[in-house]
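Engineer:
In the working numbering, the protein residues as written are 41 to 513.
And the structure:
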């Protein structure tokens, strides 16, 4: 038994703890592997500055496996270019886990020959067996005509390639990226050639994103990546000025998700895929361009039919409006059954339950469990006669949840709620996210008014929440 006084024991304990902390928490005592992980989370310029700390630190930074360069963080174009070249010369790590270059300058700073220097940096990264390549390149100068080094498209170690280039993507005659899993292209003019099809059909490709890219006019393209899981396409706002009218066929035997944001000038087709987990079809109409729904609606309707095997479908209200306006050229009766769809969501603007397309769509959903109106719901005709009457099959057997957001409690909205409650026989929960004006200006007790509405399900609970508490999926 220790006979020392309690005070002496406490002092010894404090001293021992202090020695232990000093011997194990000094950063210079950590192994190189851990120090390099720490350095990898810092801006590269700060990492380089650690070289002055001590002899051990002088060249430690040259072994980091991630090089991230941002031109806007430098003190000018010349300083930035010299910094990049010095870092590439001194860094020894191979393979290189990440090479990221963000180089955006205006035309006043452009110097003839910048293209070759940029390509020398990228080529150096490829020679180091880079795995993830991120290029954000933009030079606003008429003399800047840029082509990526062809070695990128033969890099066997490349698994991720992110390219933002406000220009034309010029590809070599042959593309061979057998290990590429993620491809993300932004602001590119695509060229109609066999190489583009090769790029989009890499054997290991799992994620493909095409944001604000421009298809060549009247192009026919097959995207056929055997392992593709996710495809996202976002078109430019100025797309109607281009007049593309291309046909893009997506062959995805393993695809799980598809997202589209655009005007539907082009014809998209999805074939050979299993039931998708999720699809988003967001039609938008640029405010400064004349709408042409008669051209776009058939393409949207055709894609909707291709998505009949999806489990979660999100549609913009603009898609419903375009299809409603062109019923004379669209056969809504040919809409297939959505036999896997359990959740249907509408976005952008409030949905009018008078919509013929809406009624036809919910009538084809046999196992629908959840219906969401993210921007509200109304009934413009002012009458409930014939709306969801008779009720769709899912309203009788499977629809358990309805969520309505941005609810103002206007007469047409209350009428829409009544129609939904009247039709949904097995409904268990109606959640309404109300605007602030709704709570402030509705005469009387809103929840009591809602509970007084006739409803087919006696088990249905009604909840009112402010809009800001809405949980986004």
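Glycine is no exception: its CB is placed at the ideal position from the N, C-alpha and C atoms. Computed from a prediction, not measured in an experiment: that's the story for all the values here.
Residue 496 by DSSP, collapsed to three states: which one?
Structural biologist: coil
Engineer: What does a CB cutoff of less than 6 Å around residue 92 pick up in its chain, not counting 5 residues either side in sequence?
Structural biologist: Its pLDDT being 40, under 50, residue 92 is placed unreliably by the model, and the measurement read from it follows with that caveat. Contacts found: none.
Engineer: Helix, strand or coil for residue 122 per DSSP?
Structural biologist: helix
Engineer: Identify whether residue 110 lies in helix, strand or coil by the three-state DSSP scheme.
Structural biologist: strand
Engineer: Counting only runs of 4+ residues fully inside the segment 376-408, write out the alpha helix (DSSP H) ranges in chain order.
Structural biologist: 396-403
Engineer: When you compare only the Cα positions, how much space is there between residue 157 and residue 169?
Structural biologist: 19 Å
Engineer: Just grab the DSSP bridge partners of residue 307 for me.
Structural biologist: Residue 307 pairs with 287.
Engineer: Using three-state DSSP, classify residue 447 as helix, strand or coil.
Structural biologist: Here residue 447 carries a strand assignment [DSSP, helix/strand/coil].
Engineer: How long is the line joining the alpha carbons of residue 493 and residue 502, rounded to whole angstroms?
Structural biologist: Roughly 11 Å between the two C-alpha positions.
Engineer: Going straight from the alpha carbon of residue 120 to that of residue 320, what length do you get?
Structural biologist: 41 Å
Engineer: Three-state secondary structure (DSSP) at residue 441?
Structural biologist: strand
Engineer: Looking only at C-alpha atoms, which of 165, 129, 116 sits nearest to residue 136?
Structural biologist: 165
Engineer: Give me, in chain order, the residues of the same chain whose beta-carbon lies closer than 6 Å to that of residue 229; leave out the 5 immediate sequence neighbours on both sides.
Structural biologist: 208, 254
Engineer: Is the separation between the beta-carbon of residue 497 and that of residue 456 shorter than 7 Å?
Structural biologist: No, the pair does not count as a contact, with Cβ atoms beyond the cut-off.
Engineer: In terms of DSSP beta bridges, what is residue 191 paired with?
Structural biologist: DSSP lists no partner for residue 191.
Engineer: Use the C-beta contact count for residue 311: other C-beta atoms within 10 angstroms, 16 or more gives buried, fewer gives exposed.
Structural biologist: exposed
Engineer: Answer with yes or no whether the minimum CB distance from residue 229 to chain D is below 7 Å.
Structural biologist: This model lacks chain D altogether, as it is built from one protein chain only.
Engineer: Just to confirm, is the Cβ distance from residue 402 to residue 432 under 7 Å?
Structural biologist: yes
Engineer: Helix, strand or coil for residue 139? Go by DSSP, reduced to three states.
Structural biologist: strand
Engineer: How close, in whole Å, do the beta carbons of residue 439 and residue 408 come, if the pair is a contact with beta carbons under 8 Å?
Structural biologist: Confirmed, Cβ separation roughly 5 Å.
Engineer: Quick one: residues in its chain with C-beta nearer than 6 Å to the C-beta of residue 443, no 5 flanking neighbours on either side, listed in chain order?
Structural biologist: 412, 471
Engineer: Taking just the CA atoms, how far does residue 138 sit from residue 105?
Structural biologist: Their Cα atoms are separated by approximately 7 Å.
Engineer: Classify residue 187: buried if its beta carbon has 16 or more other beta carbons within 10 angstroms, exposed otherwise.
Structural biologist: Exposed, by the Cβ-count rule.
Engineer: In terms of residues, what are the limits of the beta strand (DSSP E) holding residue 271?
Structural biologist: 270-274
Engineer: Measure the alpha-carbon distance for residue 219 versus residue 194 and round it to whole angstroms.
Structural biologist: The alpha-carbon atoms of residue 219 and residue 194 are separated by roughly 10 Å.
Engineer: Give the DSSP bridge partners of residue 174, in chain order.
Structural biologist: 140, 202
Engineer: Given a cut-off of 7 Å, decide if residue 215 and residue 235 are closer than it, judged by their beta-carbon atoms.
Structural biologist: yes
Engineer: How would you write the range of the alpha helix (DSSP H) that residue 169 sits in, first residue to last?
Structural biologist: Run containing residue 169: none; DSSP gives neither H nor E here.
Engineer: Could you tell me which residues DSSP pairs with residue 429 in its beta bridges?
Structural biologist: According to DSSP, residue 429 bridges with nothing at all.
Engineer: Drop a sphere of 10 angstroms on the beta-carbon of residue 350, count the other beta-carbons inside from all chains shown, and report buried for 16 or more, exposed for fewer.
Structural biologist: Looking at its Cβ environment, which holds 16 or more other Cβ atoms inside 10 Å, residue 350 is buried.
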